[in-house]
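Number of protein chains: 2
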Amino acid sequence: MENKNQKILIIGAGLCGSLLALRMAQRGYQVQLVEKRPDLRDVTQDAGRSINLALSDRGLKGLRLAGVEEEALKLCIPMLGRMIHDKQGNTFMSNYSGRENEYINSISRPGLNMLLLDAAEAMPNVEIIFNKGCTKVDLENAVATFKDYNTKEEITYKADVILGTDGAGSVVRKAMFNDRNFLFSFSQNWLTHGYKEITIPATENGGYRTEKGALHIWPRGEDMLIALPNLDGSFTVTLFAPYSNSDYCFDTLTTPEMVMAYFETEYPDAVALMPNLVEEFFDNPTGPLGTIKCSPWSSFGKACLLGDSAHAIVPFYGQGMNASFEDVVVFDEILNKHDSKTSEENDWKTIFHAYEMTRKKDTDAIADLAVDNFREMKELTATPLFQQKRKLEMAFESQFPMEYFSKYSLVTFNEDITYHEAMTRGRVQDKVILNLLNDGRLPDSMELAEKFKLVKKETTEALHDDAVVGNL
Amino acid sequence: MENKNQKILIIGAGLCGSLLALRMAQRGYQVQLVEKRPDLRDVTQDAGRSINLALSDRGLKGLRLAGVEEEALKLCIPMLGRMIHDKQGNTFMSNYSGRENEYINSISRPGLNMLLLDAAEAMPNVEIIFNKGCTKVDLENAVATFKDYNTKEEITYKADVILGTDGAGSVVRKAMFNDRNFLFSFSQNWLTHGYKEITIPATENGGYRTEKGALHIWPRGEDMLIALPNLDGSFTVTLFAPYSNSDYCFDTLTTPEMVMAYFETEYPDAVALMPNLVEEFFDNPTGPLGTIKCSPWSSFGKACLLGDSAHAIVPFYGQGMNASFEDVVVFDEILNKHDSKTSEENDWKTIFHAYEMTRKKDTDAIADLAVDNFREMKELTATPLFQQKRKLEMAFESQFPMEYFSKYSLVTFNEDITYHEAMTRGRVQDKVILNLLNDGRLPDSMELAEKFKLVKKETTEALHDDAVVGNL
Chain U
87 MENKNQKILI IGAGLCGSLL ALRMAQRGYQ VQLVEKRPDL RDVTQDAGRS INLALSDRGL
147 KGLRLAGVEE EALKLCIPML GRMIHDKQGN TFMSNYSGRE NEYINSISRP GLNMLLLDAA
207 EAMPNVEIIF NKGCTKVDLE NAVATFKDYN TKEEITYKAD VILGTDGAGS VVRKAMFNDR
267 NFLFSFSQNW LTHGYKEITI PATENGGYRT EKGALHIWPR GEDMLIALPN LDGSFTVTLF
327 APYSNSDYCF DTLTTPEMVM AYFETEYPDA VALMPNLVEE FFDNPTGPLG TIKCSPWSSF
387 GKACLLGDSA HAIVPFYGQG MNASFEDVVV FDEILNKHDS KTSEENDWKT IFHAYEMTRK
447 KDTDAIADLA VDNFREMKEL TATPLFQQKR KLEMAFESQF PMEYFSKYSL VTFNEDITYH
507 EAMTRGRVQD KVILNLLNDG RLPDSMELAE KFKLVKKETT EALHDDAVVG NL
Chain Z
87 MENKNQKILI IGAGLCGSLL ALRMAQRGYQ VQLVEKRPDL RDVTQDAGRS INLALSDRGL
147 KGLRLAGVEE EALKLCIPML GRMIHDKQGN TFMSNYSGRE NEYINSISRP GLNMLLLDAA
207 EAMPNVEIIF NKGCTKVDLE NAVATFKDYN TKEEITYKAD VILGTDGAGS VVRKAMFNDR
267 NFLFSFSQNW LTHGYKEITI PATENGGYRT EKGALHIWPR GEDMLIALPN LDGSFTVTLF
327 APYSNSDYCF DTLTTPEMVM AYFETEYPDA VALMPNLVEE FFDNPTGPLG TIKCSPWSSF
387 GKACLLGDSA HAIVPFYGQG MNASFEDVVV FDEILNKHDS KTSEENDWKT IFHAYEMTRK
447 KDTDAIADLA VDNFREMKEL TATPLFQQKR KLEMAFESQF PMEYFSKYSL VTFNEDITYH
507 EAMTRGRVQD KVILNLLNDG RLPDSMELAE KFKLVKKETT EALHDDAVVG NL
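Read top to bottom, the protein sequences are chains U and Z. Under the numbering used here, the first residue of the first sequence carries the number 87, and numbering increases by one thereafter. Under the numbering used here, the first residue of the second sequence carries the number 87, and numbering increases by one thereafter.
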């Protein structure tokens with residue numbers, strides 16, 4: 087882009103929008119960032135509490151790009167693995183990696199969002215406007231209309247381009263969906279499960295009631311509980327359960343007695359940690375779990391979607407925020423690439439198209455991996471074959487740290503390979519190991535190095551077989 | 087269903103709606119069938135001309151169920167295989183099966199629709215209403231509002247249940263999409279290609295200008311031409327080409343000279359058969375190619391989608407109409423099953439749910455197979471490895487007719503196995519054969535029986551490997 091003086095209107099000041107605003111301002115653009123909610127920094131709230139998210143290498147790379155990684159790390163609690171809780175209350179730890187430096191972090195969503203808003207606001211070329219909800223987008227002219235939640239007045243902003251970071255319910259995306267001038271591919275897929283948040287409070291002296299350095303899982307087949315630590319000693323617990331058609335489901339959990347009976351049967355050790363279980367169960371909403379995909383992400387070279395507005399995913403790989411931050415990295419790389427080109431090749435239409443061509447296969451991949459991982463978490467983490475596989479992978483990763491990377495590790499800790507590559511390689515590797523274990527071809531008597539050699543050989547062959555069909 | 091006197095409102099009198107109306111009337115229900123278009127039997131048109139479709143075993147099974155198969159077969163032209171045309175105008179025939187009795191049929195869409203309307207109208211308990219377009223559906227109360235295209239008047243019909251057979255642009259489905267009382271999963275996925283129809287007219291004495299008993303294909307990688315015969319000696323030709331970003335695409339084919347240059351370069355032998363090519367190219371619209379999936383197919387036990395409204399697919403497997411007719415067969419089987427149950431288990435909500443549980447995985451499968459087949463038709467039919475595979479499969483099917491069924495055969499000629507099963511088995515079989523051929527493990531010197539044994543063994547193993555992961 088020759089003309090850095092262009093005005094960029096970013097709609098949505100959540101995690102993705104705030105980071106994007108900061109980065110676009112660092113690149114020199116005039117940025118206007120508009121958010122429908124009030125400024126979350128004005129509301130009294132503890133940065134260490136409320137909803138938390140998993141932050142890992144891809145997300146950190148995005149924060150690093152914008153120079154805010156160090157600040158963000160101060161809000162992080164490392165989680166080294168999954169702490170699995172069985173029905174009897176027994177626990178066992180399943181590390182995320184056999185390499186010591188590979189772990190994920192629990193971080194407060196509002197805490198991180200405030201940090202990003204502060205950093206963006208400190209830039210002279212960023213204007214942040216709160217309380218204005220987008221009601222209409224004129225895609226061809228990069229004009230958006232907003233309604234002020236306090237004054238109810240309508241206001242219109244015009245820009246050179248609009249970047250839509252307004253989340254899963256994106257108004258910018260809906261404008262594309264309703265536009266009859268181009269074909270818009272779109273999918274929204276809901277799981278049959280919903281989720282509900284409950285709290286494990288800190289102890290009276292601010293300590294943690296259970297292991298701090300882990301993501302806790304109570305896998306129960308159709309339903310599960312997970313818990314992530316907060317800085318203040320509390321944990322945010324999330325119940326994932328079917329809406330209906332199951333022994334225990336949101337449709338039938340309608341009385342305090344039923345809720346208590348359910349939790350005492352399925353999650354007895356967790357019940358002891360949640361003094362306000364019943365109250366919170368009925369106070370807190372039940373949220374849906376959906377995947378959204380669409381294409382094209384941009385229209386008329388005037389508007390482009392980034393983050394959840396383009397690709398909302400279910401939370402089971404802990405990659406939603408990380409994927410959005412990686413969007414900013416990829417978009418930034420595309421801008422770098424086009425900076426050096428002639429003016430015909432660096433218009434926004436070309437840039438948006440190049441961005442989608444580069445990025446979409448990867449966000450499609452993480453969307454599918456996240457749905458797969460739901461089954462893995464609620465069901466498979468409790469099965470012997472799966473546990474054998476994880477144990478073997480841990481051993482490979484610690485014995486052959488430069489050579490073996492599990493699917494989880496490829497997705498979570500290897501930000502230099504794409505989600506799509508991680509998916510392709512990871513799925514084949516999983517299938518190979520599960521089949522070798524199932525067929526008794528990796529007996530205990532076998533040396534680890536021999537096992538590794540066999541897995542590697544069969545993985546290479548299977549990838550070759552897939553490629554013969556794919557490259558035909 | 088105890089009470090057969092119930093009123094069924096069927097919205098959409100296309101192929102699926104007409105067959106469904108006929109069948110529901112045969113079961114004894116009071117059927118009201120409402121169509122937005124005029125009665126196509128009133129418009130002068132030759133049943134043998136205009137758009138044609140591929141009718142095969144699954145579709146015939148549906149027609150048989152309603153007692154109209156014999157009549158329909160009179161409108162059919164058997165197509166024994168694909169006649170592949172290369173750039174030099176050379177042709178070679180690739181049969182659909184190594185078994186003699188396995189072929190598909192070209193049939194006129196309006197001709198078959200008229201036949202079904204006549205049969206439905208002959209039932210005393212069917213009322214057919216034309217020229218009324220559905221504008222609104224009250225899903226909870228099975229009430230639909232229609233606008234008369236002539237009088238512009240609005241009219242409301244109430245029924246016990248509504249069956250939506252109003253096609254890819256379904257108004258009933260849109261009512262479900264917009265309903266906030268339940269989560270509606272939905273996807274619309276457009277190919278980057280569009281299509282346009284052109285005619286090969288009959289010769290002066292009503293003969294065919296090229297081989298009648300084949301589906302003609304001119305595969306050219308990114309684009310292709312196909313042609314299906316009509317009873318009057320003509321062929322309906324369809325060009326499939328990218329909208330944009332290609333040497334030849336709809337966006338750039340804007341002058342008669344460019345169109346002629348394109349066809350003369352790519353399809354020289356076809357040009358000679360299409361005297362009105364340029365005129366028709368610019369007169370006829372360019373249509374989009376999309377896949378639609380959704381769930382749930384029903385709401386409140388009061389409305390249910392069948393046919394394209396629930397699962398529109400691209401035309402490349404020739405299964406769109408066949409899938410819709412099979413819907414009627416499966417729905418009928420579900421009704422049979424619930425007929426014998428207690429009244430609590432045979433309400434419409436249960437029936438609709440059971441129908442979707444039985445059927446959706448199969449319509450999802452044929453949707454995906456149809457997209458795969460686009461690549462096969464435009465690209466793979468022209469590659470040596472693919473041609474070797476087809477040749478081998480032909481040999482297997484003629485030598486081992488009770489044992490070997492290609493993916494195409496499983497999908498098209500084996501109506502007693504489901505689309506999902508056909509997809510699962512067919513894809514694995516394809517991958518096995520392609521890899522064995524690619525790796526030189528099926529040399530010419532090998533006996534056919536040995537080749538068959540090897541393919542069978544590797545297919546069984548690969549299905550087992552998939553099952554280990556799937557059944558974990």
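We treat Cβ as the ideally placed atom computed from N, Cα and C, and that holds for glycine.
Burial state of Asp-425/Z is exposed, judged by a 10 Å Cβ sphere holding fewer than 16 other Cβ atoms. Assigned with DSSP and collapsed to three states, Arg-144/U falls in helix. Residue burial annotation: Arg-476/Z is buried, with at least 16 other C-beta atoms found within 10 angstroms of its C-beta. Glu-240/U: not part of any alpha helix (DSSP H); member of the beta strand (DSSP E) spanning 240-244, first to last residue.
The region 172-184 of chain Z and the region 221-230 of chain Z do not touch, with fewer than three beta-carbon pairs separated by less than 8 Å.
Take Asn-370/Z, set aside five residues on each side of it, and the residues of its chain with a beta-carbon closer than 6 Å to its own are Lys-282, Glu-283, in chain order. Boundaries of the beta strand (DSSP E) harbouring Gly-167/Z: 167-171, taken from the DSSP string. If you keep only unbroken beta strand (DSSP E) runs of at least 3 residues inside the region 314-350 of chain U, you get 321-328.
Annotation: the region 191-234 of chain Z contains the following complete segments of the beta strand (DSSP E) (minimum length 3 residues), in chain order: 212-215, 218-224, 229-234. If you check the CB distance, Ala-111/Z and Asn-211/Z come in under 7 Å. Taking the CA atoms as reference points, Phe-402/Z sits about 32 Å from Lys-435/U. Closest by C-alpha distance to Leu-317/U, out of Gly-145/U, Ser-192/U, Asp-502/U, Leu-471/U, is Ser-192/U.
In the three-state reduction of the DSSP assignment, Ser-183/U falls in the coil class, being assigned neither a helical nor a strand state. In this structure Thr-177/U touches Met-169/U by the C-beta definition: roughly 5 Å separates them, less than 8 Å. Contact annotation for Gln-485/Z against chain U: no contact, minimum CB-CB distance about 25 Å [criterion: below 7 Å]. Going by DSSP, Cys-162/Z is part of no beta strand (DSSP E) at all; its letter is neither H nor E. In this structure, Lys-218/Z sits near Phe-232/Z, with a CB-CB distance shorter than 7 Å.
With fewer than 16 other beta carbons inside 10 angstroms of its own, Pro-124/Z counts as exposed.
The Cβ atoms of Val-554/Z and Ile-519/Z do not sit closer than 7 Å to each other.
Annotated as proximal: Thr-322/U and Asn-138/U, with beta-carbon spacing under 7 Å. Taking a cut-off of 8 Å for Cβ pairs, the region 263-272 of chain U and the region 269-276 of chain Z touch, as three or more such pairs fall below it. Among the residues of the region 272-305 of chain U, those with a Cβ less than 7 Å away from any Cβ of chain Z are Phe-272, Ser-273, Gln-274, Asn-275, Trp-276, in the order of the chain. What Leu-528/Z touches in chain U, judged by beta-carbon distance under 7 Å, is nothing: the nearest beta carbon there is about 13 Å away.
The region 440-520 of chain Z is shown to contain whole alpha helix (DSSP H) runs of 4 or more residues at 470-485, 493-499, in chain order.
Comparing alpha-carbon positions, the option among Ala-347/Z, Pro-361/Z, Glu-465/Z, Ala-453/Z lying closest to His-171/Z turns out to be Glu-465/Z. For the region 357-374 of chain U, the set of residues with a beta-carbon nearer than 9 Å to any beta-carbon of chain Z comprises Pro-374, in chain order. Between Ala-398/U and Trp-383/U, the CB-CB gap reaches or exceeds 7 Å. Bridge partners of Thr-436/Z according to DSSP: none are assigned.
Counting only residues of its own chain and dropping the five nearest sequence neighbours on each side, Val-357/U has a CB closer than 6 Å to the CB of Phe-349, Glu-350.
Secondary structure note for Pro-354/U: its alpha helix (DSSP H) is the uninterrupted segment 354-357. At the C-beta level, Gly-197/U and Leu-161/U come within 7 Å of one another. Within the model, the alpha-carbon separation for Gly-373/U versus Leu-325/U is close to 10 Å. Relative to the Cα of Gly-319/Z, the nearest Cα in the group Asp-333/Z, Met-344/Z, Glu-308/Z, Thr-289/Z belongs to Thr-289/Z. For the 7 Å CB-CB criterion, Ala-206/U and Ser-104/U form a contact. Among the residues of chain U, those whose CB is under 7 Å from the CB of Leu-269/Z are Trp-276, Pro-374, following chain order. Val-514/Z sits close to Leu-549/Z, with the two beta carbons spaced by under 7 Å.
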